[in-house]
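There are 2 protein chains.
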Amino acid sequence: MMKEKKGERFKILVGYDGTRTAKEALNVALFHARHFDAEVHVAWSLAGGQDTSMEEIDTAQDGLQHAESLFGEAQIPCQTHLLIRGLTPGEDLVRFAEEHQVREVIIGVRRRSQVGKLLFGSTARYVILNAPCPVVSVK
Amino acid sequence: MMKEKKGERFKILVGYDGTRTAKEALNVALFHARHFDAEVHVAWSLAGGQDTSMEEIDTAQDGLQHAESLFGEAQIPCQTHLLIRGLTPGEDLVRFAEEHQVREVIIGVRRRSQVGKLLFGSTARYVILNAPCPVVSVK
Chain A
489 MMKEKKGERF
499 KILVGYDGTR
509 TAKEALNVAL
519 FHARHFDAEV
529 HVAWSLAGGQ
539 DTSMEEIDTA
549 QDGLQHAESL
559 FGEAQIPCQT
569 HLLIRGLTPG
579 EDLVRFAEEH
589 QVREVIIGVR
599 RRSQVGKLLF
609 GSTARYVILN
619 APCPVVSVK
Chain B
489 MMKEKKGERF
499 KILVGYDGTR
509 TAKEALNVAL
519 FHARHFDAEV
529 HVAWSLAGGQ
539 DTSMEEIDTA
549 QDGLQHAESL
559 FGEAQIPCQT
569 HLLIRGLTPG
579 EDLVRFAEEH
589 QVREVIIGVR
599 RRSQVGKLLF
609 GSTARYVILN
619 APCPVVSVK
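From first to last, the protein sequence lines are chains A and B.
Under the working numbering, the first residue of the first sequence is numbered 489, with each subsequent residue one higher.
Under the working numbering, the first residue of the second sequence is numbered 489, with each subsequent residue one higher.
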């Protein structure tokens, strides 16, 4: 149950990867943060090691800077996090939510058609099933 | 993008079926409605026809009455809806959201283990992929 705890700000975690749906997720986070008087954490997950190029890291840093400006302009407390810990994006988001007492996770979900069937991305499925709090899916 | 439209109250739709996770979804709706100054629509979907017994209809009506009291006590505008239109619960929720300009759908999701694998319920998957607005999944 979502109770308001005294002295502890409601924390929203947004998974961000620069895609259109992830930008939409930032907009929803903006709306929620304004109404919940929340602080927003924006996380970009990269695998790290040989799987990650310097270019990917640059793109992630630019994306996180964009997110930071967005919330800064709206005067909403925001922290950004580049997560490079050898985990999948889903694992990174769930782990972060657990470690930081996040009260809501917001993610972009893309519908993918395969043989005429709608499928979830594996990240969305993993986060929705495993996050320790409600998960908002944005398209 | 979630914009606040003048003169139109933010509408939250909760899919309710009396289960534990659906009750949790009501709690999240309560919290969101309070902060968004929203009205809440609680919908219970039944297939109808030969697939639906009078007992099921009674259970649904009792459940909806419980939900109505919950929001009434919190002084949050609430309407309940028993949907019997020959649709699946997922189709009922998406159709309702489309027809009533719902801005957020809240559903309970249950993790189901099958051969050691986590699976989504088909209702949750359908609603998340097809709803015209963000979907909040609650466990």
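Glycine included, C-beta positions come from ideal geometry on N, C-alpha and C.
Computed from a predicted model, the values in this text were never measured in an experiment.
Chain B contact residues for residue i, given Cβ-Cβ distances below 7 angstroms
{"i": "P622/A", "result": "V516, V624, S625 and V626"}
Closer than 8 angstroms: residue i CB and nearest the ligand SAM heavy atom
{"i": "T576/A", "result": "No copy of the ligand SAM appears in this structure; indeed no ligand is present at all."}
Within chain B, partners of residue i - CB distance below 8 angstroms
{"i": "F524/A", "result": "H523"}
Cβ-Cβ separation, residue j to residue i (assumed contact under 8 angstroms), whole Å
{"i": "A535/B", "j": "G578/B", "result": "Going by Cβ atoms, the distance from A535/B to G578/B rounds to 12 angstroms, so no, they are not a contact pair."}
{"i": "R497/B", "j": "E527/B", "result": "5 angstroms"}
Amino acids of chain A, ordered along the chain, whose beta-carbon sits closer than 7 angstroms to that of residue i
{"i": "I500/B", "result": "What I500/B touches in chain A: nothing, since even the nearest Cβ is about 12 angstroms away."}
Beta-carbon proximity check, residue i vs residue j, cutoff 9 angstroms
{"i": "C621/A", "j": "V597/A", "result": "no"}
{"i": "A562/B", "j": "V502/B", "result": "no"}
{"i": "A510/A", "j": "D580/A", "result": "no"}
{"i": "S625/B", "j": "V623/A", "result": "yes"}
{"i": "T611/B", "j": "T568/B", "result": "no"}
{"i": "A513/B", "j": "I594/B", "result": "yes"}
{"i": "L518/B", "j": "I572/B", "result": "no"}
{"i": "F524/A", "j": "H523/B", "result": "yes"}
Where residue i meets chain A, residues with beta-carbon distance less than 8 angstroms
{"i": "V597/B", "result": "I616 and L617"}
Among the options, nearest to residue i - alpha-carbon criterion
{"i": "I500/B", "options": "G506/B, I572/B and N515/B", "result": "N515/B"}
{"i": "E544/B", "options": "L570/B, L558/B and R522/B", "result": "L570/B"}
{"i": "A548/B", "options": "E586/B, V615/B and G506/B", "result": "G506/B"}
{"i": "G560/A", "options": "A521/A, Y504/A, S533/A and F584/A", "result": "A521/A"}
{"i": "H588/A", "options": "A619/A, G609/A and E512/A", "result": "A619/A"}
{"i": "H629/A", "options": "G537/A, L552/A, D539/A and T540/A", "result": "Chain A is shown only over 489 to 627; residue 629/A falls outside these bounds and no answer can be derived."}
{"i": "L558/B", "options": "Y614/B, Y504/B and E586/B", "result": "Y504/B"}
{"i": "R613/B", "options": "M542/B, E592/B and V582/B", "result": "V582/B"}
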